[in-house]
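Enquirer: Chains A and B, in that order, are what the protein sequence lines are. For the first sequence, the residue numbers in the working numbering are 23 to 157. For the second sequence, the residue numbers in the working numbering are 23 to 157. Built from N, CA and C at the ideal position, the CB exists for glycine as well.
There are 2 protein chains.
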Amino acid sequence: MLESHQYLRQFSIKPSVQRSAVMHFLLNNRIHPTIDEIYMALSPTMPTLSKTTVYNTLDLFVEKGAVRALAIDEKNARYDVDISAHGHFMCKSCGKVHDIFDLKPSMFQIPESESFRIDSVEISYLGACKSCKGN
Amino acid sequence: MLESHQYLRQFSIKPSVQRSAVMHFLLNNRIHPTIDEIYMALSPTMPTLSKTTVYNTLDLFVEKGAVRALAIDEKNARYDVDISAHGHFMCKSCGKVHDIFDLKPSMFQIPESESFRIDSVEISYLGACKSCKGN
DNA sequence: CATACTTTTGTAATGATTTCAATAAACTAA
DNA sequence: TTAGTTTATTGAAATCATTACAAAAGTATG
Chain A
23 MLESHQYLRQ
33 FSIKPSVQRS
43 AVMHFLLNNR
53 IHPTIDEIYM
63 ALSPTMPTLS
73 KTTVYNTLDL
83 FVEKGAVRAL
93 AIDEKNARYD
103 VDISAHGHFM
113 CKSCGKVHDI
123 FDLKPSMFQI
133 PESESFRIDS
143 VEISYLGACK
153 SCKGN
Chain B
23 MLESHQYLRQ
33 FSIKPSVQRS
43 AVMHFLLNNR
53 IHPTIDEIYM
63 ALSPTMPTLS
73 KTTVYNTLDL
83 FVEKGAVRAL
93 AIDEKNARYD
103 VDISAHGHFM
113 CKSCGKVHDI
123 FDLKPSMFQI
133 PESESFRIDS
143 VEISYLGACK
153 SCKGN
């Protein structure tokens, strides 16, 4: 919890109780959680926590660059505290999202374009994970 | 319209009036439209068309491999008739989605993985387009 | 302490997508 | 062609993630 506090400051985010709790969860659960998963995980120990706060908090984290929002899952937004260059895999069967780290750094280069100013890249893979392959 | 008819058959999709109309729109409007854009474009000339049919139709097209569903836009699903290997750019300001064709073919290779069976890749870029750069 | 400012909360609204049952259309076999 | 069967379309209602908003609580400042 202390670390989350410090961590937030690095991104010039004022560390409220709620924000620290959310960041603590993100740092210790690298599962690319949805808003609902974060809310469900925290609400038992923070009964007054509002889901709107979780939305606000994640929006702020993304705005400040502390967290990356992933579009890989069309159903829900997912969030990743790991802001280093890496890809993601989502199992179409169970919906779990995993990191794909062994990609060439060149894949994350921003292509030259006269038509666009490109700010970020997202590399996503879809398929079936080990436990769902049978399906 | 005739071509759409033929085109659907190539993917073993029975070409109903509605399906041909949707495919015709997709083939002639390479704008990665949302369900609503497709519905709005067709309903003037097909007043009885139901939005549910547009949903059903696109689901079928995707299932049969005639069309690709894009996750780049968190707000709405978007559809692309071009199933060749290419990336996409979305302007965060106006929301328009554009093709990015000049990417190395190697970027679309499926990475080796013992943990997953990877079926598809999606490469997405976010930023601002020419007309929105000012913002 | 008093005031201003920021954050959190809960409720209500929005909007995309899904569900589902009824209708219509297409297909099959006699 | 017709009756029976399957498939596709339709529209209304339900679901569910996200957003809007205003009130309440908390924090900082003088």
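(1) In chain order, what residues of the same chain have a beta carbon less than 6 Å from the beta carbon of D121 (chain B), not counting five sequence neighbours either side?
(2) What runs of the alpha helix (DSSP H), each 4 residues or longer, lie entirely inside the region 45 to 70 of chain B?
(3) Taking only beta-carbon positions, decide if G77 (chain B) is within less than 7 Å of chain A.
(4) Mind the definition here: the region 143 to 154 of chain A touches the region 93 to 111 of chain A only if three or more C-beta pairs lie below 8 Å; say whether that holds.
(5) Please report whether the beta-carbon of M112 (chain A) lies at a distance below 7 Å from any beta-carbon of chain B.
(6) For I105 (chain A) and Q32 (chain B), I'd like the C-alpha separation in whole angstroms.
(7) Measure the CB-CB distance between S128 (chain B) and C154 (chain B) and report whether it falls below 7 Å.
(8) Does the separation of the CB atoms of Q40 (chain B) and T67 (chain B) fall below 7 Å?
(9) The beta strand (DSSP E) with M81 (chain A) in it runs from where to where?
(10) What residue range does the beta strand (DSSP E) around V89 (chain A) cover?
(11) Below 7 Å between beta carbons is the criterion; list the residues of the region 124 to 154 of chain B that meet it against any residue of chain A, in chain order.
(12) Once the 5 residues before and after R100 (chain A) are set aside, which same chain residues still bring their CB inside 8 Å of it?
(13) Give the interface partners of I94 (chain A) over in chain B, defined as CB-CB distance under 7 Å, in chain order.
(14) Taking all protein chains shown into account, do 16 or more other C-beta atoms lie within 10 angstroms of the C-beta of M62 (chain B), making it buried, or fewer, making it exposed?
(15) Would you mind sorting T79 (chain A) into buried or exposed? The rule is 16 or more other CB atoms within 10 Å of its CB.
(16) Taking 7 Å as the threshold (C-beta atoms), are F111 (chain A) and F138 (chain B) in contact?
(17) Out of A:S34, A:Q28, A:S65, state which residue places its alpha-carbon closest to the alpha-carbon of L49 (chain A).
(18) Please state whether DSSP places F130 (chain A) in a helix, a strand or coil.
(19) Note down, in chain order, each residue of its chain lying with its Cβ closer than 7 Å to the Cβ of L82 (chain B), except the 5 sequence neighbours on either side.
(20) For L125 (chain B), name the three-state secondary structure that DSSP assigns.
(21) Please classify A43 (chain A): does DSSP put it in a helix, a strand, or coil?
(22) Taking 6 Å as the limit between beta carbons, can you name the residues of its chain near A150 (chain A), skipping five residues before and five after?
(23) If you measure from the beta carbon of C43 (chain B) to each beta carbon in chain A, is any gap under 7 Å?
(24) If you draw a straight line from the alpha carbon of N98 (chain A) to that of I60 (chain A), how long is it in whole angstroms?
(25) For S106 (chain A), does the three-state DSSP call read helix, strand or coil?
(26) What residues match up with L140 (chain B) in a beta bridge as DSSP calls it?
(27) Can you say whether D102 (chain A) is buried or exposed, counting buried as having 16 or more other CB atoms within 10 angstroms of its CB?
Expert: To lay it out plainly:
(1) For the purposes of this step, residue 121 (chain B) is identified with residue 99 of the second sequence, where counting begins at 1. Excluding sequence neighbours, D121 (chain B) sits near H108.
(2) 57 to 64
(3) The residue labelled residue 77 (chain B) in the question sits at position 55 within the second sequence. For the sequence presented, residue 77 (chain B) should be read as Tyr rather than Gly. It does not; no Cβ of chain A falls within 7 Å.
(4) yes
(5) Start at 1 with the first residue of the first sequence, and residue 112 (chain A) comes out as number 90. Judged by the 7 Å Cβ criterion, M112 (chain A) is not in contact with chain B.
(6) Locating residue 105 (chain A) in the first sequence gives position 83, where the first residue counts as 1. Locating residue 32 (chain B) in the second sequence gives position 10, where the first residue counts as 1. Computed Cα separation, rounded: 42 Å.
(7) For the purposes of this step, residue 128 (chain B) is taken as residue 106 along the second sequence, with counting starting at 1. For the purposes of this step, residue 154 (chain B) is taken as residue 132 along the second sequence, with counting starting at 1. Result no, Cβ atoms of S128 (chain B) and C154 (chain B) do not sit closer than 7 Å.
(8) Looking up residue 40 (chain B) in the second sequence gives position 18. Looking up residue 67 (chain B) in the second sequence gives position 45. Cβ atoms of Q40 (chain B) and T67 (chain B): not closer than 7 Å.
(9) Taking the first sequence and counting its residues from 1, the one referred to as residue 81 (chain A) is at position 59. One detail in the question is off: residue 81 (chain A) reads as Asp in this sequence, not Met. Not the beta strand (DSSP E): D81 (chain A) falls in the alpha helix (DSSP H), residues 73 to 86.
(10) Indexing the first sequence from 1 puts residue 89 (chain A) at position 67. It is not in any beta strand (DSSP E) - V89 (chain A) carries neither H nor E in the DSSP assignment.
(11) D124, L125, M129, P133, S137, F138, R139, I140, D141, S142, V143, E144, I145, S146, Y147, L148, G149, A150, C151, K152
(12) Looking up residue 100 (chain A) in the first sequence gives position 78. For R100 (chain A), where only same-chain residues beyond five positions count, the Cβ hits under 8 Å are H54, P55, T56, A91, L92, I94, V119.
(13) Position 72 of the first sequence, counting from 1, holds the residue named residue 94 (chain A). Those within 7 Å of I94 (chain A) in chain B are A93.
(14) Indexing the second sequence from 1 puts residue 62 (chain B) at position 40. So M62 (chain B) counts as exposed.
(15) Walking along the first sequence from the start, residue 79 (chain A) turns up at place 57. The residue is buried, with at least 16 neighbouring Cβ atoms inside 10 Å.
(16) Start at 1 with the first residue of the second sequence, and residue 138 (chain B) comes out as number 116. Start at 1 with the first residue of the first sequence, and residue 111 (chain A) comes out as number 89. Yes, these two residues count as a Cβ contact at 7 Å.
(17) Along the first sequence, one-based indexing puts residue 49 (chain A) at 27. Nearest option by C-alpha distance: A:Q28.
(18) Position 108 of the first sequence holds residue 130 (chain A). Looking at F130 (chain A) - three-state DSSP - the assignment turns out to be helix.
(19) One-based indexing of the second sequence puts residue 82 (chain B) at position 60. So the list reads I35, once near-sequence residues are dropped.
(20) Translated into positions along the second sequence, residue 125 (chain B) becomes position 103. Correct three-state label for L125 (chain B): coil.
(21) In the first sequence, counting from the first residue as 1, residue 43 (chain A) sits at position 21. Helix.
(22) Here residue 150 (chain A) refers to the residue found at position 128 of the first sequence. Excluding sequence neighbours, A150 (chain A) sits near C113, S115.
(23) Here residue 43 (chain B) corresponds to residue number 21 of the second sequence, with the count starting at 1. Cys is not the amino acid found at residue 43 (chain B); the sequence shown has Ala there. Taking Cβ atoms only, chain A never reaches closer than 7 Å to A43 (chain B), which makes this a no.
(24) In the first sequence, the residue the question calls residue 98 (chain A) occupies position 76. In the first sequence, the residue the question calls residue 60 (chain A) occupies position 38. Distance between the alpha carbons of N98 (chain A) and I60 (chain A): 12 Å.
(25) For the purposes of this step, residue 106 (chain A) is identified with residue 84 of the first sequence, where counting begins at 1. Coil, per DSSP.
(26) The sequence position of residue 140 (chain B) within the second sequence is 118, counting from 1. Note on identity: in this sequence residue 140 (chain B) is Ile, with Leu being the wrong assignment. Bridge partners of I140 (chain B): A:G149.
(27) Indexing the first sequence from 1 puts residue 102 (chain A) at position 80. Buried, because 16 or more other Cβ atoms sit within 10 Å of the Cβ of D102 (chain A).
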